[in-house]
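Engineer: In case it helps, the numbering used here puts the sequence shown at residues 19 to 347.
Glycine residues also receive a C-beta, built at the ideal position from the N, C-alpha and C atoms.
Have a look at this one.
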Amino acid sequence: MPLVLTRSDLTGLVSPAAVVDAVEKAFADLAEGAASQAPLAVAAVDDAAHFLPMTAVSRRAGLAGSKLLADVPGNRGRGLPAQRSVLVLADADDGAPVAVLDGGLPTRLRTAAASAVATRWLAPPSARVLGLVGAGGLALEHVSALAAVRPLEQVQFWTRSDATAATFAERTAARHPEIKVTRVDSPAAAVGTADVVCTLTPSREPVVRGEWFHPGLHVNVVGAPPRPDHREVDGVAMARSRVVVDSVSTALGESGDALLAIAEGAIDEAACRLELGDVVAGRSPGRRSAQEITLFDSVGLGLLDVVIGRLLVDAARAAGRGLSVELSA
């Protein structure tokens, strides 16, 4: 029978390393035609709330799935999450429902894992210092995921919120006592001496400037919602970097970081046509020199939710978690 899994059911079921491995295989499968990703489409009556069905199928996972993402910025004023989601999984062969999952944890896991895969292929092998611009819900998952691909020694992070800073520092120290965690006073300082930078803010205006980039830096741009008018980095950042995207169609449809840089003339569309899957599958090179600046622009793929859903459902069944419900009764 289909399994219903709440957020608490999903917590602690899978390791970051296992998620990164599954996501890496999914990127290669997409490049090689063993998985399919539907074009991202937005349903909206007005600009107040956007609803995005993110649908994909993975033969490796044996699943098709669709995550309905609700992006409601006005929720912040109500004390509610700006983004909510639910993930529905079905058997890839016969279409039978397999599971319904709260989408929050899979989203955080796959976002961080995608950054980790990009870091594995694009960051310097010697990377030890991670800079975080933003320290909210995505931050701790990024530390854990990136620690699975690089031996991190230091995290330098920036956030406006003292409460967020204290929570992030405490949780990171508990999970990764071997990593030194330091709060810095500006986004520029977070970039500073970092080998890898992750931008994790829901920003509408750039919070990171390309003029701060130094040779050899790798940047994961992942925080802004899938809206063409939101961006975390400026056009100079895009122009100074070798840009790699999770999906060309998604980036050129919903990534404000890409679209606004193109509109300003900082780059053209050709600069956003290298997909991470092609790098993972060996069709294009990863990091090409020690001095190269690389940037991964991630909007998010439903395929990654599907493959992580496979891990979570299998682990939940093994652990006896969740509620089995006969939907067709």
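Measuring CB to CB, does residue 283 end up less than 7 Å from residue 246?
Structural biologist: One-based indexing of the sequence shown puts residue 283 at position 265. One-based indexing of the sequence shown puts residue 246 at position 228. Not a contact, by the Cβ cut-off of 7 Å.
Engineer: Enumerate in chain order the residues of its own chain whose CB-to-CB distance from residue 27 is below 7 Å, with the five nearest sequence positions on each side excluded.
Structural biologist: Position 9 of the sequence shown, counted from the first residue, corresponds to residue 27. Closer than 7 Å at the Cβ level, and outside the excluded window around residue 27, lie 334, 339, 340.
Engineer: Decide if the segment 210-226 is in contact with the segment 137-156; the criterion is three or more beta carbon pairs, one per stretch, under 8 Å apart.
Structural biologist: The segment 210-226 is in contact with the segment 137-156.
Engineer: Are three or more beta carbon pairs between the segment 261-273 and the segment 283-303 nearer than 8 Å?
Structural biologist: Output reads yes: the segment 283-303 touches the segment 261-273.
Engineer: Is the segment 188-205 close to the segment 104-123, with three or more CB pairs under 8 Å?
Structural biologist: The segment 188-205 is not in contact with the segment 104-123.
Engineer: For residue 176, list the residues DSSP reports as bridge partners.
Structural biologist: Against the sequence shown, residue 176 aligns to sequence position 158. The partner list for residue 176 (beta bridge, DSSP) reads 151.
Engineer: Using the beta-carbon count (16 or more within 10 Å), is residue 287 buried or exposed?
Structural biologist: Within the sequence shown, the letter at position 269 stands for residue 287. Residue 287 comes out exposed.
Engineer: Under 7 Å, do residue 364 and residue 167 count as touching if we go by C-beta distance?
Structural biologist: Residue numbering for the chain in the displayed model covers 19 to 347; residue 364 lies beyond these limits and cannot be assessed.
Engineer: Within a Cβ cutoff of 8 Å, which residues of the same chain sit near residue 164, ignoring the five residues on either side of it in sequence?
Structural biologist: For the purposes of this step, residue 164 is identified with residue 146 of the sequence shown, where counting begins at 1. The answer, listed in chain order, is 130, 133, 134, 137, 148, 170, 214, 216.
Engineer: Suppose you measure from the CA of residue 200 to the CA of residue 175; what does that come to, to the nearest Å?
Structural biologist: By one-based count along the sequence shown, residue 200 stands at place 182. By one-based count along the sequence shown, residue 175 stands at place 157. About 6 Å.
Engineer: So the alpha helix (DSSP H) residue 332 belongs to, where does it begin and stop?
Structural biologist: In the sequence shown, counting from the first residue as 1, residue 332 sits at position 314. Unbroken alpha helix (DSSP H) run through residue 332: 320-337.
Engineer: What does the alpha-carbon distance come out to for the pair residue 19 and residue 32?
Structural biologist: Along the sequence shown, read from residue 1 onward, the residue named residue 19 stands at position 1. Along the sequence shown, read from residue 1 onward, the residue named residue 32 stands at position 14. Using only the alpha carbons, I get a separation of about 22 Å.
Engineer: Report the residue ranges of all alpha helix (DSSP H) runs contained in full by the segment 161-245; include only those spanning at least 4 residues, in chain order.
Structural biologist: DSSP runs (the alpha helix (DSSP H)) wholly in the segment 161-245: 180-193, 205-209.
Engineer: Suppose only complete runs of 4+ residues qualify. What are the alpha helix (DSSP H) ranges in the segment 105-129, listed by chain order?
Structural biologist: Those alpha helix (DSSP H) runs which fall completely within the segment 105-129 and span 4+ residues do not exist here.
Engineer: For residue 357, is the classification buried or exposed, using 16 other Cβ atoms within 10 angstroms of its Cβ as the cut-off for buried?
Structural biologist: Because the chain in this structure spans residues 19 to 347, residue 357 falls outside the shown range and cannot be described.
Engineer: Please determine, among 42, 34, 68, 107, the residue with the shortest C-alpha to C-alpha distance to residue 100.
Structural biologist: By 1-based counting over the sequence shown, the position of residue 100 is 82. Taking only the C-alpha atoms, the option nearest residue 100 is 68.
Engineer: Let me confirm a value: residue 330 is counted as buried when at least 16 other C-beta atoms fall within 10 Å, else exposed. Which label applies?
Structural biologist: Counting from one through the sequence shown, the residue named residue 330 turns up at place 312. Classification for residue 330: buried.
Engineer: Short of 7 Å in beta carbon distance, which residues of its chain neighbour residue 46, apart from the five on each side in sequence? Order them along the chain.
Structural biologist: Mapped onto the sequence shown, residue 46 falls at position 28. Correct list, in chain order: 295, 298, 299.
Engineer: Can you list, in chain order, the residues of its chain whose CB lies under 7 Å from that of residue 93, leaving out five sequence neighbours each side?
Structural biologist: What you label residue 93 is simply residue 75 of the sequence shown in a count that begins at 1. Answer for residue 93: 99, 100, listed in chain order.
Engineer: How many angstroms separate the CA atom of residue 301 from the CA atom of residue 345?
Structural biologist: Translated into the one-based positions of the sequence shown, residue 301 becomes position 283. Translated into the one-based positions of the sequence shown, residue 345 becomes position 327. If you take the alpha carbons of residue 301 and residue 345, they lie about 43 Å apart.
Engineer: For residue 42, which of 126, 139, 59, 269 has the nearest alpha-carbon?
Structural biologist: Taking the sequence shown and counting its residues from 1, the one referred to as residue 42 is at position 24. Of the listed residues, the one whose Cα sits closest to residue 42 is 139.
Engineer: In whole angstroms, give me the CA-to-CA distance for residue 253 and residue 231.
Structural biologist: Walking along the sequence shown from the start, residue 253 turns up at place 235. Walking along the sequence shown from the start, residue 231 turns up at place 213. Distance between the alpha carbons of residue 253 and residue 231 is about 12 Å.
Engineer: Can you list, in chain order, the residues of its chain with a C-beta nearer than 6 Å to that of residue 145? Leave out the 5 residues immediately preceding and following it.
Structural biologist: Residue numbering aside, residue 145 sits at position 127 when the sequence shown is read from its first letter. If we look at residue 145 and ignore the five residues flanking it on each side, its Cβ neighbours are 168, 213, 214.
Engineer: Are the Cβ atoms of residue 322 and residue 77 separated by less than 7 Å?
Structural biologist: Position 304 of the sequence shown, counting from 1, holds the residue named residue 322. Position 59 of the sequence shown, counting from 1, holds the residue named residue 77. Cβ distance not < 7 Å, so residue 322 and residue 77 don't count as in contact.
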